[in-house]
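Structure, as structure tokens:
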Amino acid sequence: VDKAIDLKYYNKWGKSYISSLLRFHEFEQCGNFKDESLQYYSHEIFNIYRRMANNIFINLPPPKARKINRFRSHDYGKGSGVPIMESLFGFLFGRKKDKLVEGSVTRSRNIDDKCEVEMRSFLNRRGGCFDGNSSVLLADGRIKCVKDLKKGDILNNNAIVQCLIKQNIKKISNPYMCNVDGVLFTPYHPIFIRGKWQFPIDIVQSQPTVIHSLFNLILNDNANKKYEIEFINGVKAITLGHNRNENKILKHPYFGTDLVLKDLYERDPEGYFNGYIFIKDLDFHQLKYDDNQYCINYYKIKSSFNIIKFKENKIIKNIDVIN
Numbered sequence: 001v002d003k004a005i006d007l008k009y010y011n012k013w014g015k016s017y018i019s020s021l022l023r024f025h026e027f028e029q030c031g032n033f034k035d036e037s038l039q040y041y042s043h044e045i046f047n048i049y050r051r052m053a054n055n056i057f058i059n060l061p062p063p064k065a066r067k068i069n070r071f072r073s074h075d076y077g078k079g080s081g082v083p084i085m086e087s088l089f090g091f092l093f094g095r096k097k098d099k100l101v102e103g104s105v106t107r108s109r110n111i112d113d114k115c116e117v118e119m120r121s122f123l124n125r126r127g128g129c130f131d132g133n134s135s136v137l138l139a140d141g142r143i144k145c146v147k148d149l150k151k152g153d154i155l156n157n158n159a160i161v162q163c164l165i166k167q168n169i170k171k172i173s174n175p176y177m178c179n180v181d182g183v184l185f186t187p188y189h190p191i192f193i194r195g196k197w198q199f200p201i202d203i204v205q206s207q208p209t210v211i212h213s214l215f216n217l218i219l220n221d222n223a224n225k226k227y228e229i230e231f232i233n234g235v236k237a238i239t240l241g242h243n244r245n246e247n248k249i250l251k252h253p254y255f256g257t258d259l260v261l262k263d264l265y266e267r268d269p270e271g272y273f274n275g276y277i278f279i280k281d282l283d284f285h286q287l288k289y290d291d292n293q294y295c296i297n298y299y300k301i302k303s304s305f306n307i308i309k310f311k312e313n314k315i316i317k318n319i320d321v322i323n
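This is the structure:
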């Protein structure tokens, strides 16, 4: 809502969004899964149909690339040869790539036809990673790239690296990333900037980015219990299994709990113990979502390991890192 009433967006889409939101409240309807104030109106029958619609949506083929060479900026979305719904779809999901020409009213726009996209990526509800080339400051004053972090490294906030997670994304050549002050984040990875936790997509528009791998961390932060990593630009990011629920940005039923740690351990027990897990590929068709569209099994694979063995081993590894 704050973004909708901003003068920058109000006349473009904010006015329509607010009218729609008020209308849903007036008729006590749950119009979507993103506005939390509307979730009060949902019920079991509605949730059943929503899950059915979700399964259909995420298995749809992505929209075909369509290149439009030039149009006047003041005609965007009307009378320009660009259908209004296409313009709105591109704005909502960050699917547009605009190039402004200084001193001119024209601009070029196209959807990157080389980017392989799955519709489920539009439903990425508060999960994410960051770029391995981003630099962090260690407690001893050294600077390291995320991709070079090792088990036992102590960050400047005294959190200890327990495991580095590297995920290969070669099948998605140009994933959409947000460049926040020089650090690349997936759109919904919680970051602390300007005094509060926010999603990168709420700060800058995502752009197709040439990147071949994404990273995340498991930290041992028993002393502070913040489980944060701070980049040299001052931006902080939350890490996996943080168990922090003080606000809706951080809270997550999977990425923010021990469930994600359990799945990572079961995927690669040896890598978990040694402090490095490489994920070559994931079967995105097997992803499951809860009623609020949070992914709840991102790293899950079939395994005979049980949660008790995982918890016991986790305690041993925590002691091992400290020592």
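The sequence shown maps to residues 1 to 323 in the UniProt record's numbering.
C-beta: ideal position from N, C-alpha, C; glycine also.
If you're wondering where the values come from, they're calculated on a predicted model, not measured in any experiment.
An exposed status is given to F27, since fewer than 16 other beta-carbon atoms sit within 10 Å of its beta-carbon. Per DSSP, the beta bridge partners of Y176 are P208. Across the structure, I279 and K248 are spaced so that their CA atoms are roughly 28 Å apart. In the DSSP assignment, Y41 falls outside any alpha helix (DSSP H) and carries neither an H nor an E. Residue environment analysis places Y254 among the buried positions, since at least 16 neighbouring C-beta atoms fall within 10 angstroms of its C-beta. Rounded to the nearest angstrom, the Cβ distance from S135 to K166 is 17 Å, too far for a contact under 8 Å.
Annotation for L261: the continuous alpha helix (DSSP H) segment containing it runs D258 to R267. Put simply, the backbone Cα of S19 is about 24 Å away from that of F199. The beta-carbon separation of G128 and P187, rounded to 7 Å, stays under the 8 Å limit for a contact.
S42 and C30 have their C-alpha atoms spaced approximately 6 Å apart. For I18, the uninterrupted alpha helix (DSSP H) segment begins and ends at K15 to E26. Looking only at D6, G275, V1 and D281, the smallest Cα-Cα distance to C163 is reached by G275. Selection A139, C178, K3 and N158 evaluated against I211 yields C178 as nearest (Cα-Cα). For S135, the uninterrupted beta strand (DSSP E) run begins and ends at S135 to L137, by DSSP. Taking the Cα positions, V183 is about 8 Å away from F130.
Rounded to whole angstroms, the Cβ separation of I232 and L138 is 11 Å, and the two are not in contact under 8 Å. Under the three-state reduction of DSSP output, I201 falls in the helix class. Under the three-state reduction of DSSP output, F278 falls in the strand class.
By the 16-neighbour rule on beta-carbons within 10 angstroms, L264 is buried.
In the displayed model, V235 falls within coil according to three-state DSSP, outside both helix and strand. Taking the C-beta atoms as reference points, R267 is found nearer than 8 Å to Y299. For N220, the pairing in a beta bridge is given by DSSP as I160. Excluding its 5 nearest sequence neighbours in each direction, I201 has C-beta neighbours in its own chain below 8 Å: G94, C178, P187 and Y188, listed in chain order.
In this structure, I160 sits near N220, with a CB-CB distance shorter than 8 Å. V1 is classed as exposed because its beta carbon has fewer than 16 other beta carbons within 10 Å across all chains shown. Pairing L38 with H25, the inter-Cα distance amounts to about 7 Å.
Taking 8 Å as the cut-off, the beta carbon of A223 is found closer than this to the beta carbon of N158.
Per the coordinates, the alpha-carbon of Q207 lies some 9 Å from the alpha-carbon of N174. The beta carbon of G152 lies closer than 8 Å to those of I160, V161, G275 and V321 in the same chain, with the five residues before and after it left out.
Within the same chain, and ignoring the five residues on either side of E36 in sequence, the residues whose Cβ sits closer than 8 Å to its Cβ are K248.
DSSP, read as helix, strand or coil, puts N168 in strand.
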